[in-house]
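K.L.:
Residue numbers (this note's numbering): 355 to 663.
Built from N, CA and C at the ideal position, the CB exists for glycine as well.
In this text the structure is predicted, and so the values were computed from the model without any measurement.
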Ligand code: UDP
Ligand code: MG
């Protein structure tokens, strides 16, 4: 059976948000007068999220399906798992913490009806910490410059995708990825709408600094090899410059004699070049790691159980 709409929600320790989320989701979806399903992926929550989801699925019979992961495989894997089970013609992703108000879903669907196959969104007034907002804006800018993915606000997860894109994402089998960017790449006719952004209703962000850095590495290295190429270019430039320096010092030695005072200048230059090399090795490692992950046939996530009424 195909449905008109699937809503996909990754859930990680969101017990404080689930009751309100389900209530508001079901109300706004019922109002749309479309056939729909809501798929929750429980991404290894350690709190009562799963129990609450199961209770909600009993209360709203036939509307809610649950995928229960064996552990924490990350937000984007949780979404991909739900994509692979979704039956809707249109699939909408949404966060569980009510930062993306369910009442905004209709805006995306209106755009889909106009013939777009991927409707992204940007947040009207972002309600996150100053640090998050600022850093995220910087990464957004870098991504805009070095990839051919153009969106105003990569971090906003309230997005709608046509079935064809969802199927391609599932078939792509990528390990660590960033779904909005991947979907944009696969889309024929993408667009964006403005949506309201709320503060997290309850609980704390599930991303710590380390996870955020990794996620943004995934975003950049999945979609561009420009960092590698820039690094190579920089390497060429510094080797040319240091080549000149060596020639200069050699001539100076012949004409004026050996210099000792310049020691520390040399040290400084050397330390600088060494750090450039370390960054470069790390960068190459990022891409190699990505290759290794995508070559491995290990499962990207493991499902303990699925529940559907
Ligand atoms: N999430 C998840 N697995 C994780 C981290 C987050 O499923 O490992 C879910 C989380 O429950 C929420 C969404 O992904 O529904 C976005 O997470 P969060 O709101 O913590 O991120 P932020 O808004 O701070 O970027
Ligand atoms: Mg959030």
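Which runs of the alpha helix (DSSP H) fall wholly inside the segment 457-490 and span at least 4 residues, in chain order?
P.N.:
If we require 4 residues or more, the alpha helix (DSSP H) runs fully inside the segment 457-490 come out as 459-467.
K.L.:
Taking 7 Å as the cut-off, is the CB of residue 593 close to at least one heavy atom of ligand 2?
P.N.:
no
K.L.:
With burial defined as no fewer than 16 other Cβ atoms inside 10 Å of the residue's Cβ, what is the status of residue 515: buried or exposed?
P.N.:
buried
K.L.:
On the criterion of 16 or more Cβ atoms from any shown chain inside 10 Å, does residue 445 qualify as buried, or is it exposed?
P.N.:
buried
K.L.:
Under the DSSP definition of a beta bridge, which residues are partnered with residue 514?
P.N.:
446 and 473
K.L.:
What separation, rounded to the nearest whole angstrom, lies between the Cα atoms of residue 374 and residue 423?
P.N.:
23 Å
K.L.:
Just checking, does the segment 602-612 make contact with the segment 532-540 on the three C-beta pairs under 8 Å criterion?
P.N.:
No, the segment 602-612 does not touch the segment 532-540.
K.L.:
Assuming the contact rule is C-beta atoms closer than 8 Å, residue 549 and residue 475 should be a hit. Round their C-beta distance to whole Å, please.
P.N.:
4 Å
K.L.:
Helix, strand or coil for residue 396, going by three-state DSSP, please let me know.
P.N.:
strand
K.L.:
Quick one: measure Cβ to Cβ for residue 487 and residue 436, integer angstroms, because I've assumed they're closer than 8 Å.
P.N.:
Not quite, the Cβ-Cβ distance comes to about 28 Å (not below 8 Å), so this is no contact.
K.L.:
Flag residue 465 as yes when its Cβ comes closer than 7 Å to any non-hydrogen atom of ligand 1, and as no otherwise.
P.N.:
no
K.L.:
Let's see if you can read the secondary structure: which residues bound the alpha helix (DSSP H) around residue 377?
P.N.:
372-386
K.L.:
Under 7 Å, CB to any heavy atom of ligand 2. Which residues pass, going along the chain?
P.N.:
449, 451, 453, 554 and 559
K.L.:
So is residue 371 buried or exposed if we call it buried at 16+ other beta carbons inside 10 Å?
P.N.:
Burial call: buried.
K.L.:
Would the beta-carbon of residue 363 fall within 8 Å of that of residue 448?
P.N.:
yes
K.L.:
Does residue 663 come out as helix, strand or coil in the three-state DSSP assignment?
P.N.:
Residue 663 sits in coil when the DSSP states are folded into three classes, being neither helix nor strand.
K.L.:
In or out: residue 633 buried (at least 16 other Cβ within 10 Å) or exposed?
P.N.:
exposed
K.L.:
Any chance the CB of residue 374 is under 7 Å from a heavy atom of ligand 1?
P.N.:
no
K.L.:
Looking at the secondary structure, which residues open and close the alpha helix (DSSP H) in which residue 411 lies?
P.N.:
403-413
K.L.:
Looking only at its own chain, which residues have a Cβ that is under 6 Å from the Cβ of residue 517, when we skip the five neighbours before and after it?
P.N.:
443
K.L.:
Among 369, 522 and 538, which residue has its Cα nearest to the Cα of residue 434?
P.N.:
522
K.L.:
Roughly how many whole angstroms lie between the Cα atoms of residue 388 and residue 580?
P.N.:
43 Å
K.L.:
Can you tell me where the alpha helix (DSSP H) holding residue 575 begins and where it ends?
P.N.:
563-577
K.L.:
Which value, in whole angstroms, describes the spacing of the CA atoms of residue 544 and residue 660?
P.N.:
32 Å
K.L.:
Relative to the C-alpha of residue 513, which candidate in 496, 477, 421 and 621 has its C-alpha closest?
P.N.:
Minimum Cα-Cα distance from residue 513 among the listed residues 496, 477, 421 and 621 corresponds to 477.
K.L.:
Given a threshold of 16 other Cβ atoms within 10 Å of its Cβ, counted over all protein chains shown, does residue 410 qualify as buried or as exposed?
P.N.:
buried
K.L.:
Measure the CB-CB distance between residue 497 and residue 608 and report whether it falls below 8 Å.
P.N.:
In this structure, residue 497 keeps its C-beta atom at 8 Å or more from the C-beta atom of residue 608.
K.L.:
Does the distance from the CB of residue 398 to the CB of residue 425 come in under 8 Å?
P.N.:
yes
K.L.:
Just to confirm, does residue 481 get its C-beta within under 7 Å of one of the non-hydrogen atoms of ligand 1?
P.N.:
no
K.L.:
Ligand 1 and residue 429: does the residue's C-beta get closer than 7 Å to at least one heavy atom of that ligand?
P.N.:
It does: the Cβ of residue 429 is within 7 Å (strictly closer) of some heavy atom of ligand 1.
K.L.:
For the beta strand (DSSP E) that residue 359 lies in, which residues bound it at each end?
P.N.:
357-365
K.L.:
Terminal residues of the continuous beta strand (DSSP E) containing residue 418?
P.N.:
418-423
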